Amino acid sequence: MKYYLFLDESGDHGLKTIDKSFPIFLLCGILISEENYRLIRADINQIKIEFWNNKNVIFHSRDIRKCNNEFQILFDLDIKKKFYNSINSLVEKPLYHIIAAAINKTEFIKKYGKLENDVYEISLSFILERTVFCLDNLGNCNELEIIIERRGKKEDTKLGEHIQKVRQIGTYYVDAERIQNYGFKPKFSWKNENINGLQLSDLIAYPIARKILNPQGVNLSFDKLKHNIYTKNGKVYGLKKFP
């Protein structure tokens, strides 16, 4: 069976300037089988048709929260309530696994300094090794395609090289052979290509980031999706916090 890993982020991956109100970078992976992705994609398209009569609307977490662009319809509180109920029903479905990694950039700099290390690549390595753990448990995957939102030619080339390096030498916990069993084929896509899997990852990344920033705060969005975070034998592997 083929699986997809859709990746999107919340927060800035740079270390030069730190937003004190949002000092973390979170990379969110959605691991889903090809069969279940067909179901999720259809559900997302149905929501788009219901509210806009247009499948080409692109869900973007920030635009939704700010009611920007197409999401100005959410200024109508009745529509907003119905829309959020639809999104909650979507993310609650146990059709996918969340595998995310968050880096507190302030603490990272304190411990390691402003190294050349790319926090995006560090987060990705954490996600890739935990994806192998999850796929090993599922036991029915013979191909993994990694779908990543494009950031620019230079950044995409660097990230592709990093994935290739992980395939060749593995990570601290996963050797190269285990990784190569699944192929780990990367594909880069622009946001305007309207990839519903990337949009699901975008919707889920922000609530997880807010939960990490304020663990004790009320976070109803996180509560709707937390059961999909990859867990094995009671241990949460699908949410790595670093350092």
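Numbering of the sequence shown is given in the numbering used here, commencing with residue 999 and proceeding in unit increments.
Glycine is no exception: its CB is placed at the ideal position from the N, C-alpha and C atoms.
Every value quoted in this text rests on a predicted model; they were computed, and no experiment measured them.
Residue i and residue j closer than 7 Å at C-beta
i, j, result
"TYR1243", "CYS1139", "A query on residue 1243 cannot be resolved here, the shown segment of the chain reaching from 999 to 1241 and no further."
"HIS1004", "ILE1028", "Sequence check: residue 1004 is Phe here, not His. Yes, Cβ-Cβ distance for PHE1004 and ILE1028 is below 7 Å."
"ILE1096", "ILE1227", "yes"
"ILE1016", "LYS1152", "no"
"ASN1192", "ILE1062", "no"
"ASN1194", "ARG1039", "yes"
Residue i versus residue j: straight-line alpha-carbon distance, rounded
i, j, result
"GLN1166", "ALA1174", "6 Å"
"PRO1184", "VAL1089", "24 Å"
"ILE1125", "PHE1069", "31 Å"
"LEU1201", "LEU1211", "17 Å"
"LYS1064", "GLY1158", "33 Å"
"ASN1054", "LYS1046", "8 Å"
"SER1019", "LEU1136", "38 Å"
"LYS1078", "TYR1110", "43 Å"
"ASN1086", "PHE1049", "15 Å"
"LYS1112", "PHE1106", "8 Å"
"ASN1083", "GLN1162", "40 Å"
"TYR1170", "LYS1080", "45 Å"
"VAL1234", "LYS1156", "30 Å"
"ILE1071", "GLN1044", "17 Å"
"GLY1150", "LYS1014", "19 Å"
"ASN1190", "ASN1051", "18 Å"
"PHE1073", "GLY1232", "41 Å"
Same chain only: Cβ atoms within 6 Å of residue i, ignoring 5 sequence neighbours per side
i, result
"SER1031", "MET999 and TYR1001"
"ALA1099", "LEU1025, SER1121, PHE1124, ILE1125 and LYS1238"
"HIS1160", "GLU1119"
"VAL1117", "HIS1011, PHE1023 and ILE1101"
"ILE1144", "LEU1003 and PRO1184"
"LYS1209", "ASN1217 and PHE1220"
"PHE1240", "ILE1101"
Reduced DSSP secondary structure (H/G/I, E/B, other) of residue i
i, result
"CYS1139", "coil"
"PHE1020", "coil"
"ASP1134", "helix"
"LEU1198", "helix"
"GLY1181", "coil"
"ASP1173", "coil"
"VAL1216", "coil"
"ASP1154", "helix"
"TYR1001", "strand"
"LYS1209", "helix"
"ILE1227", "strand"
Chain-order list of residues whose beta-carbon lies under 8 Å from that of residue i (same chain, five-residue window excluded)
i, result
"LEU1142", "LYS1000, TYR1001, TYR1002, LEU1003, THR1129, LEU1133, TYR1180, GLY1181, PHE1182 and LYS1183"
"LEU1075", "none"
"GLU1033", "MET999"
Same chain only: Cβ atoms within 7 Å of residue i, ignoring 5 sequence neighbours per side
i, result
"PRO1205", "ASN1217, SER1219, PHE1220 and LEU1223"
"ARG1148", "ASP1154, PHE1186, SER1187 and TRP1188"
"ASP1006", "CYS1026, GLU1147, LEU1196, SER1199, ASP1200 and ALA1203"
"GLY1236", "HIS1095, ILE1096, ILE1097, ALA1098, ARG1128, ILE1227, TYR1228 and THR1229"
"ALA1207", "SER1008, GLY1009, ILE1022, LEU1024 and ALA1100"
"ASN1067", "ASP1061"
"HIS1058", "ASP1200"
"LEU1037", "LEU1093"
"GLN1214", "none"
"VAL1172", "GLU1127 and VAL1130"
Start-end ranges of the alpha helix (DSSP H) lying completely within the region 1042 to 1100, minimum 4 residues:
1059 to 1064 and 1075 to 1090
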